Amino acid sequence: EDKVVQSPLSLVVHEGDTVTLNCSYEVTNFRSLLWYKQEKKAPTFLFMLTSSGIEKKSGRLSSILDKKELFSILNITATQTGDSAIYLCAVLFGNEKLTFGTGTRLTIIP
Amino acid sequence: DGGITQSPKYLFRKEGQNVTLSCEQNLNHDAMYWYRQDPGQGLRLIYYSQIVNDFQKGDIAEGYSVSREKKESFPLTVTSAQKNPTAFYLCASSRVGPYEQYFGPGTRLTVT
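Those protein sequences? They're chains W and U, same order as listed. The numbering of the first sequence is my numbering, which starts it at 508 and goes up by one. The numbering of the second sequence is my numbering, which starts it at -17 and goes up by one.
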């Protein structure tokens, strides 16, 4: 059964800290792994990763994929209160269906 | 502005009634999707469609129905057969292939 597992489920840190969110997966016919940020309603797209070892970066956020060990990490440096959200990891497999993890709820304390 | 719209934002229904949630996109995407989100369970796929007049069941299709008569529109009907319909429903669209999905603002359905 295709599975996506995120950890931790919840994380509380102080503003300015660096956080690492984890996503591991077991899927057949892997195509890509996606990260989304969900603040109140619609998840917004952050990154799509298809190749191992190539870091994707956007400002203070970065992500990398390890296709051998079947995981990805999302790093956020110098966190701000606006980073508080649920971060969703999803894996796209052969027939273009996305399987989502349960998400990591990140809370940044001022 | 290109995007995905869902209506209404909040919907209240009595048990036993069917209800239809609207999803429209003007991104010219061929593929559209419906997800359900419950607390602590992430997003689960209900139905998806990659072309007009064709759609496939997702992981939790029981008690739901969809239609895809136009490229821009993918309405979801929550039928009375759905045992636990109260949830947050998200619609998404994408190009067909390994591309990111874009989400609408969601509809929160409460059935009492």
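Built from N, CA and C at the ideal position, the CB exists for glycine as well. Predicted, not measured: the structure shown is a model, and the values here were computed from it.
Residue environment analysis places W:V512 among the exposed positions, since fewer than 16 neighbouring C-beta atoms fall within 10 angstroms of its C-beta.
Close CB contacts of U:F37 within its chain, under the 6 angstroms cut and outside five residues either way in sequence, are with Y29, S31, V48 and R50 (chain order). Between the region -15 to -7 of chain U and the region 76 to 91 of chain U there are three or more C-beta pairs closer than 8 angstroms, enough to call the two in contact.
For a cut-off of 8 angstroms, the C-beta gap from W:I615 to W:Q587 is around 6 angstroms, short enough to register as a contact. Along the region -8 to 14 of chain U, the positions whose C-beta sits under 9 angstroms from a C-beta of chain W are A13, read in chain order. Contact fails between the region 11 to 21 of chain U and the region 556 to 572 of chain W, because fewer than three Cβ pairs, one in each stretch, are under 8 angstroms apart. W:F607 and U:K(-4) have their alpha carbons spaced roughly 30 angstroms apart. Within 8 angstroms of the CB of W:L595, the CB atoms of chain U belong to G24 and L25, in sequence order along the chain. Residue pairing by DSSP places W:K604 opposite W:F600 in a beta bridge. Within its own chain, the residues whose Cβ lies closer than 6 angstroms to the Cβ of W:H521, once the five positions on either side in sequence are excluded, are I616, listed in chain order.
CA-to-CA, the gap between W:Y543 and U:K52 works out to about 28 angstroms. Here W:T588 carries a helix assignment [DSSP, helix/strand/coil]. Look at U:V78 here: in three-state DSSP terms it is coil, with no helix or strand label. Taking 8 angstroms as the Cβ-Cβ cut-off, the region 565 to 594 of chain W has no residue approaching chain U.
Annotation: Cβ neighbours of U:Y84 in chain W (cutoff 8 angstroms, chain order): F552.
By the rule that beta-carbons nearer than 8 angstroms mark a contact, U:V48 does not touch chain W. Taking 8 angstroms as the upper bound for CB-CB distance, W:L541 and W:L613 are not in contact here, some 17 angstroms apart. Within the region 531 to 545 of chain W, the residues whose Cβ lies closer than 9 angstroms to any Cβ of chain U are, in chain order, R538, S539, L541, Y543 and Q545. The residue among W:L605, W:E603, W:K604 and W:C596 with its C-alpha nearest the C-alpha of W:L528 is W:C596.
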